[in-house]
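Residue numbers (this note's numbering): 287 to 459. Structure record follows, encoded as structure tokens.
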């Protein structure tokens with residue numbers, strides 16, 4: 287015989303997971319847009335020689351790891367832009383172009399993946415000097431989104447470069 291005072295246990299209705307709120311969806315769009323703008327600003331700023339503004343795209347201890355050059359801080363990124371080698375590039379005319387980035391946001395962290403090309407002028411003609419795969423790790427700061435690590439590998443057929451590109455659409459780590 288059942289106990290008349292006991293209540294049947296209820297289970298939550300099963301169904302599709304709840305959708306993010308409009309505010310959450312708007313915040314994600316704003317974050318993706320801000321990160322896209324940050325990445326898009328790199329080429330024009332570095333080609334203009336704006337060392338401080340380029341460096342400000344990174345956190346103080348942010349890393350920029352390019353095949354042949356490792357920069358372990360915002361100050362080192364600034365120094366790269368001011369270097370004779372970089373000043374020679376922009377003095378002759380060059381274009382650092384980053385293609386559209388795939389951006390994934392998880393709270394205050396994000397990753398982005400894109401390809402890039404460096405075009406240089408030599409004897410009055412423009413040539414591609416580098417094509418690259420780029421992986422960005424970013425964090426939300428009080429001053430907006432900043433890069434904590436950017437890894438760039440030349441698209442030379444290597445597994446390293448392909449692995450960076452394959453991270454598009456993956457989880458934020």
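Glycine included, C-beta positions come from ideal geometry on N, C-alpha and C.
Practice task
Give the single residue among 437, 445, 386 whose Cα lies nearest to the Cα of residue 354.
Solution key: Translated into positions along the chain shown, residue 354 becomes position 68. Nearest to residue 354 by C-alpha distance, out of 437, 445, 386, is 437.
Exercise for the section: Between the Cα of residue 396 and those of 332, 324, 378, 419, spot the shortest distance and give me the residue it belongs to. Expected result: Reading the chain shown from its first residue, position 110 is the one you call residue 396. When only C-alpha atoms are compared, the closest one is 324.
Practice task
Give the secondary structure of residue 454 by DSSP, where H, G and I count as helix, E and B as strand, and everything else as coil.
Solution key: Looking up residue 454 in the chain shown gives position 168. Here residue 454 sits in coil by DSSP.
Handout entry: The beta strand (DSSP E) enclosing residue 404, as first and last residue numbers
Key = Within the chain shown, numbered from 1, the residue matching residue 404 stands at position 118. Run containing residue 404: 395-408, per the beta strand (DSSP E) assignment.
Problem - Identified DSSP bridge partners for residue 372 - result: As a position in the chain shown, residue 372 is number 86, starting the count at 1. Bridge pairing for residue 372: absent [DSSP].
Exercise for the section: Go through its chain and collect everything with a Cβ distance to residue 383's Cβ below 6 Å, but skip five positions before and after it. Expected result: The count along the chain shown starts at 1 and reaches residue 383 at position 97. Sequence-distant Cβ neighbours of residue 383 in its own chain, meaning closer than 6 Å and more than five residues away, are 329, 403.
Practice task
Check whether the Cβ atoms of residue 360 and residue 374 sit closer than 7 Å, and answer yes or no.
Solution key: Indexing the chain shown from 1 puts residue 360 at position 74. Indexing the chain shown from 1 puts residue 374 at position 88. Contact flag unset, no.
Exercise for the section: Give every residue of the same chain whose Cβ lies closer than 8 Å to the Cβ of residue 447, excluding the five residues on either side of it in the sequence, and list them in chain order. Expected result: As a first step, residue 447 must be located in the chain shown, where it is residue number 161. Excluding sequence neighbours, residue 447 sits near 418, 419, 439, 440, 441.
Handout entry: alpha helix (DSSP H) segment containing residue 418, residue limits
Key = As a working note, residue 418 is residue 132 in the chain shown. Looking at the DSSP string, residue 418 is not in any alpha helix (DSSP H); the run it does join, the beta strand (DSSP E), is 411-427.
Problem - For residue 342 and residue 336, the rounded distance between their alpha carbons - result: Here residue 336 refers to the residue found at position 50 when the chain shown is read from its first residue. Here residue 342 refers to the residue found at position 56 when the chain shown is read from its first residue. Their backbone Cα atoms lie some 10 Å apart in a straight line.
Practice task
Measure the Cβ-Cβ separation of residue 458 and residue 392 and say whether it is below 7 Å.
Solution key: Mapped onto the chain shown, residue 458 falls at position 172. Mapped onto the chain shown, residue 392 falls at position 106. Yes, the pair counts as a contact, with Cβ atoms nearer than the cut-off.
Practice task
Provide the residue(s) that pair with residue 328 in DSSP beta bridges, ordered along the chain.
Solution key: Here the question's residue 328 lines up with position 42 in the chain shown. Answer is none; residue 328 lacks a bridge partner.
Exercise for the section: Report yes if the CB atom of residue 423 is closer than 7 Å to the CB atom of residue 435, and no otherwise. Expected result: Here the question's residue 423 lines up with position 137 in the chain shown. Here the question's residue 435 lines up with position 149 in the chain shown. Yes, the Cβ-Cβ distance between residue 423 and residue 435 is below 7 Å.
Practice task
Identify the continuous beta strand (DSSP E) that holds residue 336 and give its terminal residues.
Solution key: The residue you call residue 336 lines up with position 50 of the chain shown. Run containing residue 336: none; DSSP gives neither H nor E here.
Practice task
Consult DSSP for residue 435 and reduce its assignment to one of helix, strand or coil.
Solution key: Against the chain shown, residue 435 aligns to sequence position 149. Note: residue 435 maps to strand in three-state DSSP.
Handout entry: Straight-line gap, residue 394 to residue 411 (C-alpha atoms, nearest Å)
Key = Your numbering for residue 394 matches position 108 in the chain shown. Your numbering for residue 411 matches position 125 in the chain shown. About 43 Å.
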